[in-house]
Each structure stands twice: as structure tokens, then as C-alpha cells.
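Line by line, the protein sequences are chains A and B. Last residue of the first sequence? That's 232 in the numbering used here, and every number before it is there in order. Last residue of the second sequence? That's 478 in the numbering used here, and every number before it is there in order. Where is the CB? At the ideal position from N, CA and C, for every residue including glycine. Only a predicted model underlies this, so the values are computations on that prediction, with no experimental measurement involved. Here is the structure we will look at, set down as C-alpha cells.
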Amino acid sequence: MKPQHHPDSSSLMSYAAGSLPDSIATVIACHVSTCEQCQRNVAEAEQLGRFLMESSLPEQSEEESQHIDLAPNARDDILALIDSDEYVEPQVVVESDVQEAPSDVPLPLQPLLGKSLDNLLWKSMAPGLKQFVLPATSGTLRLLRIAPGTSMPIHSHTGSEVTLVLRGSYYDEMGRFGAGDVADLDPEVEHQPATATGEDCICLIATDAPLKFSGLVPRLLQPFFQL
Amino acid sequence: MDTFGSASEPRGKSPNSSAPNNSAPDSINQKLVDLGRYRDKRLFLAIYDHFAPRLKSYLVGRGAHSEIAEELVQEAMLSVWRHSSTYNPDKATASTWIFRIARNLWIDRMRRDKAHLLTSLDSCPTDLYPDLSFQPSLAPLDGDTLKSAINNLPQQQAQLVYKVYYQGKTHREIADECDIPLGSVKSGLRLAFGKLKNALGGEL
Numbered sequence: 006m007k008p009q010h011h012p013d014s015s016s017l018m019s020y021a022a023g024s025l026p027d028s029i030a031t032v033i034a035c036h037v038s039t040c041e042q043c044q045r046n047v048a049e050a051e052q053l054g055r056f057l058m059e060s061s062l063p064e065q066s067e068e069e070s071q072h073i074d075l076a077p078n079a080r081d082d083i084l085a086l087i088d089s090d091e092y093v094e095p096q097v098v099v100e101s102d103v104q105e106a107p108s109d110v111p112l113p114l115q116p117l118l119g120k121s122l123d124n125l126l127w128k129s130m131a132p133g134l135k136q137f138v139l140p141a142t143s144g145t146l147r148l149l150r151i152a153p154g155t156s157m158p159i160h161s162h163t164g165s166e167v168t169l170v171l172r173g174s175y176y177d178e179m180g181r182f183g184a185g186d187v188a189d190l191d192p193e194v195e196h197q198p199a200t201a202t203g204e205d206c207i208c209l210i211a212t213d214a215p216l217k218f219s220g221l222v223p224r225l226l227q228p229f230f231q232l
Numbered sequence: 275m276d277t278f279g280s281a282s283e284p285r286g287k288s289p290n291s292s293a294p295n296n297s298a299p300d301s302i303n304q305k306l307v308d309l310g311r312y313r314d315k316r317l318f319l320a321i322y323d324h325f326a327p328r329l330k331s332y333l334v335g336r337g338a339h340s341e342i343a344e345e346l347v348q349e350a351m352l353s354v355w356r357h358s359s360t361y362n363p364d365k366a367t368a369s370t371w372i373f374r375i376a377r378n379l380w381i382d383r384m385r386r387d388k389a390h391l392l393t394s395l396d397s398c399p400t401d402l403y404p405d406l407s408f409q410p411s412l413a414p415l416d417g418d419t420l421k422s423a424i425n426n427l428p429q430q431q432a433q434l435v436y437k438v439y440y441q442g443k444t445h446r447e448i449a450d451e452c453d454i455p456l457g458s459v460k461s462g463l464r465l466a467f468g469k470l471k472n473a474l475g476g477e478l
């Protein structure tokens with residue numbers, strides 16, 4: 006089924022420009038890998054990027070131009086590099102028609118997680134809530150596995166949070182989010198997600214800042230949840 | 275004040291200075307195709323001379339030190355040499371192809387530099403820019419129209435686009451730096467993207 010909720014175009018732009026924290030970039034990449042509409046937007050934002058890169062010879066003062074100009078020997082160096090380069094382009098393997106087993110691990114994460122979400126070492130955070138933390142050099146990146154029919158505390162965010170549903174679904178004030186859907190929330194938005202009944206909901210969630218819970222008890226729990 | 279106006283000024287002053295590629299993108303695409311076919315070093319140098327200074331300027335703008343930027347330029351151009359036979363002009367213009375190479379190298383470098391922050395698993399575990407099946411429209415980009423559309427953006431939106439593309443800033447960094455709400459950064463970029471698309475008849 007086609008996704009109903011997509012990343013904000015500001016996120017797709019920054020993704021194309023290479024300017025997202027890598028936690029959020031990972032979530033965007035996972036959605037984009039299966040969403041043709043967003044692939045088109047990313048391609049367009051890349052066009053803008055390459056236009057700006059090409060026009061990227063800013064007005065230079067004498068001093069700056071020494072900084073920007075290539076070193077005098079750069080041209081010789083690159084010639085020496087390609088002369089001694091022995092790289093051979095690998096033969097492209099023709100894709101076979103054999104369908105691989107379907108996996109709900111997004112393509113960009115498969116090198117890290119393999120093909121199964123069920124084989125991960127989930128860490129229990131609270132009844133009905135399990136977590137698997139992924140490495141990210143900026144921001145946080147985690148998988149949450151939430152039992153069916155669970156209601157999360159009302160919360161807003163101090164920074165960006167982007168969520169991609171990988172399995173199951175949840176509802177909040179913005180609607181229903183199923184597999185492939187992205188919630189790309191502005192920080193002002195307060196929401197209270199609740200998972201649908203029937204199966205676990207597994208989400209990939211990136212933040213560039215800690216969550217901010219509004220109830221007192223959830224706030225006290227925050228250090229334990231490490232959310 | 276680093277707005278777009280000043281960054282793209284030189285092109286306005288001497289409209290022909292950067293003409294070779296903008297007026298004839300086909301010729302540089304063809305050079306890249308020929309490079310893949312014939313492995314001719316003179317072709318490579320022609321491509322190098324066009325892109326290397328632009329790449330360096332772009333990377334320095336993003337905050338790379340001069341030496342690092344230079345290293346990345348050489349790395350990117352070596353990549354161009356190595357992979358030119360896989361370049362397909364039906365899928366992307368030469369400059370988009372090279373833009374992607376430079377962007378991905380820059381991100382890899384940033385991740386490697388920060389890898390000590392990671393406690394487990396691999397340091398660069400995910401492929402942030404997988405090859406996509408979608409093929410963008412290849413209608414030649416009208417540089418003049420795009421340039422005037424950029425110049426017509428309200429100053430704040432132009433600054434946002436500038437900070438994202440030229441300085442590599444995250445939304446949050448921009449919000450902190452300009453002291454505006456994060457939501458305004460996102461909505462400003464959203465509006466700018468819509469306007470630039472519209473100016474080009476819905477296709478960038």
C-alpha cells in the first residue's frame with residue numbers, strides 16, 4: 006500500500022543537501038527507499054543542490070581566494086593518483102527474477118539489522134514497550150516495539166522527531182499511521198499516540214533532541230525510559 | 275550577511291564566466307560518458323578543471339578546512355575517474371552525479387570524525403543514500419529561471435535555503451543561530467521549495 010503520510014518537504018530538502026543529523030537522515034532514507042513520490046522530491050532537491058554547487062564560486066577577496074583556490078600542485082597530484090590507480094569496476098550482477106523473502110527491515114538498515122525485526126535483542130523498557138537502540142553520530146535513533154492497544158503519554162518535543170512505522174499501526178491526533186508512513190512533527194505539536202489492536206507496532210524513531218513529557222509522572226519516568 | 279544574493283553575485287557580474295557547462299550541459303555530460311568509454315586523461319582534466327574549484331568552494335562553505343576540502347575534492351574526482359563507466363546520462367546530469375558523490379563523501383567524513391561517539395556496532399552502519407529506482411525528469415534545468423526564482427525569494431527564505439545547502443546546517447542549528455522557532459525554519463523551507471518548483475513549472 007502506498008504511504009499516506011510523508012516527510013515534510015523541508016526534511017527532504019535537507020536530506021538531499023546532506024544537512025540532516027544522521028539519525029533523521031536514516032529514517033528519511035528508509036521511507037524514501039520505498040516511496041516514489043518522495044524520490045521525485047529528493048531528486049528535485051538534488052537538482053537545486055547541484056545548481057547551487059555549480060554556482061559555488063563566491064565573490065572572493067584576495068585573502069579568501071587563497072583559501073578557496075586549489076593548491077598549485079592539486080592537478081599534478083590527481084594525475085599521479087589516477088596513474089597509479091588500479092581500481093577495477095566490479096561486474097554488475099544481473100538481478101535474478103527470484104523474489105527475495107519479504108522483509109519489514111528497510112533496505113538501508115539491512116546491512117546493520119539483517120532481515121528480521123523479530124531476531125533483534127529487544128530491551129524491555131516498561132510493560133508493553135521494548136526498545137532497540139541504533140547507533141547514530143548525531144541525534145538518537147531507536148526502534149520501539151509497542152504492544153497492541155497501548156497508549157503513550159501525551160508529549161511534545163524540544164527538537165525534531167521523525168517516526169517511520171515498520172509494522173502495525175498507531176493513531177494520534179493527526180490520523181492513522183501504518184507501515185511506510187512517516188510522522189515528521191513540528192516541535193509545537195503535542196500528541197498522544199495509541200497503537201492499534203491486533204499486532205505489535207514497530208517504529209523507527211529519530212530525534213535530534215530529548216522528548217519533553219508534559220505529565221508529571223511521565224516526566225519522572227523519563228530518566229528510566231531514556232526516551 | 276550571507277544571503278544568496280552575495281553568493282551568486284559573480285555569475286551576475288560576468289554572465290559568461292561559468293557559461294561552458296550551464297549553456298551546454300550536454301557537452302559536459304558527453305565528456306563524462308566519453309571518459310567512461312575511452313579513459314582519456316585530457317577529458318578527465320577538462321572535467322576536473324570545471325568541477326574541482328566549485329567542489330572545493332562548496333565544501334569550504336560547509337565548514338570544511340581548506341586542507342580537508344582539498345582532500346575530499348581529490349577523493350571525489352578519483353571517484354569520478356573510477357566510476358565514470360557507470361555514469362548514465364539518461365539518469366542524471368553530470369553535475370548532479372558529481373554533486374551526489376561529493377555530498378556522500380562529505381557525510382561519510384563527518385560520520386567517521388564523530389564515530390568515537392558510538393558505543394556499539396559499526397560506525398557507519400547504514401547506507402544513507404541508496405540508489406533509487408526513480409528517474410527524475412531530465413528536462414534541461416533553466417539556470418536563469420532558477421536563479422531569478424532564488425533571487426525573488428523573501429530574504430528569510432533565501433537565507434534558510436542558503437544555510438541548508440551551502441553551510442550544511444541542520445534545522446535545529448538554524449533555529450538556534452537565528453533565534454527563531456524550529457517550526458518556522460521548517461515552514462520557511464517548505465515555502466521556498468514550493469516557490470522554486472512553481473517557478474520552473476512544477477519541475478526542478
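(message) Distance check for A184 of chain A and P8 of chain A, CA to CA, integer angstroms please.
(response) So the alpha carbons of these two residues sit roughly 8 Å apart.
(request) Give the straight-line distance between the Cα atoms of N472 of chain B and L75 of chain A, rounded to the nearest whole angstrom. (result) When rounded, the distance between both Cα atoms is 37 Å.
(message) I need the boundaries of the alpha helix (DSSP H) containing S38 of chain A, first residue and last residue.
(response) Note, S38 of chain A: premise wrong, no alpha helix (DSSP H); not H, not E.
(message) Just to check my reading of the structure: L346 of chain B and W380 of chain B have Cβ atoms closer than 8 Å, yes? What is that Cβ distance to the nearest angstrom?
(response) Under the criterion of beta carbons closer than 8 Å, L346 of chain B and W380 of chain B qualify as touching, at roughly 6 Å.
(request) Decide if the segment 165 to 181 of chain A is in contact with the segment 190 to 201 of chain A; the criterion is three or more beta carbon pairs, one per stretch, under 8 Å apart. (result) A contact between stretches requires three or more CB pairs, one per stretch, nearer than 8 Å, and the segment 165 to 181 of chain A meets this requirement with the segment 190 to 201 of chain A.
(request) State the start and end residues of the unbroken alpha helix (DSSP H) segment that holds D177 of chain A. (result) Secondary structure note for D177 of chain A: it is in no alpha helix (DSSP H), and the uninterrupted beta strand (DSSP E) holding it is 174 to 177.
(request) State yes or no: is the beta carbon of L470 of chain B nearer than 8 Å to at least one beta carbon in chain A? (result) Yes, contact with chain A.
(message) At the level of alpha carbons, what is the spacing between L333 of chain B and W127 of chain A?
(response) Their Cα atoms are separated by approximately 40 Å.
(request) Check each residue of the segment 332 to 361 of chain B: if its Cβ is closer than 8 Å to any Cβ of chain A, include it; give the result in chain order. (result) Among the residues of the segment 332 to 361 of chain B, those with a Cβ less than 8 Å away from any Cβ of chain A are Y332, V334, G335, S340, E344, V347, Q348, M351, L352, W355, R356, H357, S359, T360, in the order of the chain.
(message) If you reduce the DSSP assignment to three classes, tell me which class R150 of chain A lands in.
(response) Of the three classes helix, strand and coil, the one that applies to R150 of chain A here is strand, per DSSP.
(request) Would you verify that the beta carbon of G475 of chain B is, or is not, closer than 8 Å to some beta carbon of chain A? (result) Answer no: the Cβ-Cβ gap between G475 of chain B and chain A never drops below 8 Å.
(request) Give a yes or no on whether the minimum CB-CB distance between R147 of chain A and chain C is below 8 Å. (result) Here the protein chains are A and B, and chain C is not one of them.
(request) Check the Cβ of V307 of chain B against every Cβ in chain A and list those closer than 9 Å, keeping chain order. (result) Correct list: empty, because the minimum Cβ distance to chain A is about 15 Å.
(request) Using three-state DSSP, classify V334 of chain B as helix, strand or coil. (result) The three-state secondary structure of V334 of chain B, taken from DSSP, is helix.
(request) Determine the direct distance from the alpha carbon of T142 of chain A to that of K388 of chain B, and round the result to whole angstroms. (result) Their Cα atoms are separated by approximately 6 Å.
(request) Measure how close the beta-carbons of K469 of chain B and A423 of chain B come, nearest whole angstrom, since I'm counting them as under 8 Å. (result) Yes, they are in contact, since the Cβ atoms of K469 of chain B and A423 of chain B sit about 7 Å apart, within 8 Å.
(message) Out of A:D123, A:L86, A:E91, A:C35, which one is the CA nearest neighbour of E204 of chain A?
(response) When A:D123, A:L86, A:E91, A:C35 are compared, the shortest CA-CA separation from E204 of chain A is found for A:D123.
(request) Give the DSSP bridge partners of R181 of chain A, in chain order. (result) The partner list for R181 of chain A (beta bridge, DSSP) reads A:Y176.
(request) Would you mind telling me which residues of chain A sit closer than 8 Å to S301 of chain B, beta carbon to beta carbon, in chain order? (result) What S301 of chain B touches in chain A: nothing, since even the nearest Cβ is about 14 Å away.
(request) Tell me whether the beta-carbon of P113 of chain A lies closer than 8 Å to the beta-carbon of P404 of chain B. (result) Yes. Within cutoff.
(message) Just checking: is the beta-carbon of A432 of chain B within a distance shorter than 8 Å of some beta-carbon in chain A?
(response) Answer no: the Cβ-Cβ gap between A432 of chain B and chain A never drops below 8 Å.
(request) Using the Cα positions of P109 of chain A and I207 of chain A, report the straight-line distance between them to the nearest angstrom. (result) The sequence given here has Asp at residue 109 of chain A, not Pro. Distance between the alpha carbons of D109 of chain A and I207 of chain A is about 10 Å.
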